[in-house]
Amino acid sequence: MSLKVVVTGKIPSAGLKTLSDAGITPVAWDADQPMSRSALLEAVKGAEILITLLTEKVDSELLDAAGAQLKAVCNVAVGYNNIDVAACTTRNVRVTNTPGVLTDATADIAFALVLMVTRRLGEGERVIRSKNDWQWGMHYMLGSGIQNRQIGIVGMGAIGIATARRAKAFGMSVAYFSRSKIAEETAFELDAKQLSFDELLATSDIVSIHCPSNESTHHLIGAAQFKKMKKAAFLINTARGPIVNEQELVDALVSSDIAGAGLDVFEFEPQVNAGLLNLENVVLIPHLGSATAETRAAMATLAATNAVAVANGQIPPTPVN
Ligand code: GLV
Numbered sequence: 056m057s058l059k060v061v062v063t064g065k066i067p068s069a070g071l072k073t074l075s076d077a078g079i080t081p082v083a084w085d086a087d088q089p090m091s092r093s094a095l096l097e098a099v100k101g102a103e104i105l106i107t108l109l110t111e112k113v114d115s116e117l118l119d120a121a122g123a124q125l126k127a128v129c130n131v132a133v134g135y136n137n138i139d140v141a142a143c144t145t146r147n148v149r150v151t152n153t154p155g156v157l158t159d160a161t162a163d164i165a166f167a168l169v170l171m172v173t174r175r176l177g178e179g180e181r182v183i184r185s186k187n188d189w190q191w192g193m194h195y196m197l198g199s200g201i202q203n204r205q206i207g208i209v210g211m212g213a214i215g216i217a218t219a220r221r222a223k224a225f226g227m228s229v230a231y232f233s234r235s236k237i238a239e240e241t242a243f244e245l246d247a248k249q250l251s252f253d254e255l256l257a258t259s260d261i262v263s264i265h266c267p268s269n270e271s272t273h274h275l276i277g278a279a280q281f282k283k284m285k286k287a288a289f290l291i292n293t294a295r296g297p298i299v300n301e302q303e304l305v306d307a308l309v310s311s312d313i314a315g316a317g318l319d320v321f322e323f324e325p326q327v328n329a330g331l332l333n334l335e336n337v338v339l340i341p342h343l344g345s346a347t348a349e350t351r352a353a354m355a356t357l358a359a360t361n362a363v364a365v366a367n368g369q370i371p372p373t374p375v376n
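This is the structure in C-alpha cells:
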C-alpha cells in the first residue's frame, strides 16, 4: 500500500508488525524522547494517517501542517485530550483511541495508589532508604484501613468499574458519580450506588477519578470540592491531571482538608507542583497507568488496526468521532 502513514512516537514492534502485515511501511519515529514540535510539524507533512502518542498535541496547526489529504489520527491511548477532536471532525479526519486493552493495567495502578497512600508505603520506603534508624512499634507509622470504607468512583466507565471491582474485593463499598447509569448486572455485582457529585464527595473515604479530561471536567476537583470531602479521605487520580486543580490540592493537603492523595497524572505534566514534593501524605508516580509491556503492545496493535481499517476504507474498531 503506498499510503503515507506517519508514526509520530516510538511504539512497540507489535504495532509496526500490524502495519507491515497489512502492507503498510510507515515512517516511524524511533527515539524514546518525543519529537520536537518543529520536527513533528515537518514529519506529518503529506501524511494520510497519523499514529500519535499522548505527548503529541494534535491541533489545527498540526492538522494544517499535515495537509488536506489526512484521513485519520490514531491515538495510542484511551484518553485523547491531546487531540482537538472538533478540528479533526471539521476536516473529516477520523480520530481513534485504544479503549479496553488498558483497563486492568490502569485499575491496578489506581488500586496500588489506594494501598500505598492509605498504608503510607511511600513514606515507609523513604524511611528505609534514608538509612536512618527505625524500629517496629505499636504506634509506629499507622495507616488507615480500607475495609468497610467507601470508594467513590468519579466516572464509571470501564476503568472506573474495574477499579470498583478491586475495591469490592478488598471489602470496600462502592459508590459512583457518572453521567449515565451502569448496566444493571454490574451495579448488582458491585452493589454500587449512584450518587450526586456532592454526595459522593461528602461520603467517600477514597475518591478515585476515572472520567475523561475535557472542558467540562477541567478543575472538576478544587478547593470547594476538597472542603466537601471528609478530612480523613484520600484522592486518587489516574485519569488526567487537569481534572484536579493541582495548586488547590496542595493547599488542601497542607491545611488537612483531606488526608492524602495518590497521583499518577499531573496538571502540567511532566512538571509536578513543587508543593507536592515536600508532602509525606502523597504518593507520586510518573503516569504509569498503562505501563506494562503487554498493555503497551496491545495499545499499539489496536491503534495500528484502526489505521489499517481506515487505510482500507473501513470503519475502524474504536473510533472517537
Ligand atoms: C493513558 O494515559 C491513556 O490515556 O491511554
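Numbering (my numbering), first residue to last: 56 to 376. Backbone N, C-alpha and C fix where the C-beta goes; we use that ideal spot for every residue, glycine too. All values reported here derive from a predicted model rather than from experimental measurement.
State the beta-bridge partners of residue i as determined by DSSP.
| i | result |
| --- | --- |
| residue 292 | 264 and 318 |
| residue 107 | 130 |
| residue 232 | 209 |
| residue 248 | 230 |
| residue 16 | Not covered by the structure: residue 16. The range shown for the chain is 56 to 376. |
| residue 339 | 318 |
| residue 60 | 104 |
| residue 138 | 113 |
| residue 83 | 62 |
With a threshold of 16 other CB atoms inside 10 Å of the CB of residue i, please say whether the residue is buried or exposed.
| i | result |
| --- | --- |
| residue 270 | exposed |
| residue 125 | buried |
| residue 240 | exposed |
| residue 264 | buried |
| residue 59 | buried |
| residue 196 | exposed |
| residue 292 | buried |
| residue 205 | buried |
| residue 84 | buried |
| residue 168 | buried |
| residue 344 | buried |
| residue 218 | buried |
| residue 333 | exposed |
| residue 121 | buried |
| residue 368 | exposed |
| residue 106 | buried |
| residue 104 | buried |
How close, in whole Å, do the beta carbons of residue i and residue j come, if the pair is a contact with beta carbons under 8 angstroms?
| i | j | result |
| --- | --- | --- |
| residue 114 | residue 139 | 5 angstroms |
| residue 254 | residue 277 | So it is not a contact: roughly 18 angstroms between Cβ atoms. |
| residue 201 | residue 227 | 6 angstroms |
| residue 262 | residue 308 | About 14 angstroms; that fails the 8 angstroms criterion. |
| residue 322 | residue 342 | At roughly 12 angstroms, the Cβ-Cβ gap does not stay under 8 angstroms, so residue 322 and residue 342 are not in contact. |
| residue 305 | residue 331 | 6 angstroms |
| residue 66 | residue 131 | 6 angstroms |
| residue 99 | residue 63 | 7 angstroms |
| residue 69 | residue 352 | 4 angstroms |
| residue 268 | residue 297 | 5 angstroms |
| residue 137 | residue 109 | 5 angstroms |
| residue 210 | residue 294 | 7 angstroms |
| residue 229 | residue 223 | 6 angstroms |
| residue 133 | residue 148 | With 8 angstroms as the limit, residue 133 and residue 148 do not qualify as a contact, their Cβ atoms being about 19 angstroms apart. |
Less than 8 angstroms between CB atoms is the rule here; does residue i satisfy it with respect to chain C?
| i | result |
| --- | --- |
| residue 102 | Of the protein chains in the structure, only one exists, and it is not chain C. |
Examine the Cβ distances between the region 328-347 and the region 162-181 and report whether three or more of them are shorter than 8 angstroms. yes
Decide yes or no for the touch test of the region 74-84 against the region 352-364: beta carbon pairs closer than 8 angstroms, at least 3 of them. yes
Between the region 143-158 and the region 302-317, can you find at least three pairs of beta-carbon atoms closer than 8 angstroms? no
Are at least three pairs of beta-carbons, each pair with one atom in the region 153-167 and one in the region 213-228, less than 8 angstroms apart? yes
For the structure I just gave you, are there three or more beta carbon pairs, one from the region 183-198 and one from the region 229-249, closer than 8 angstroms? no
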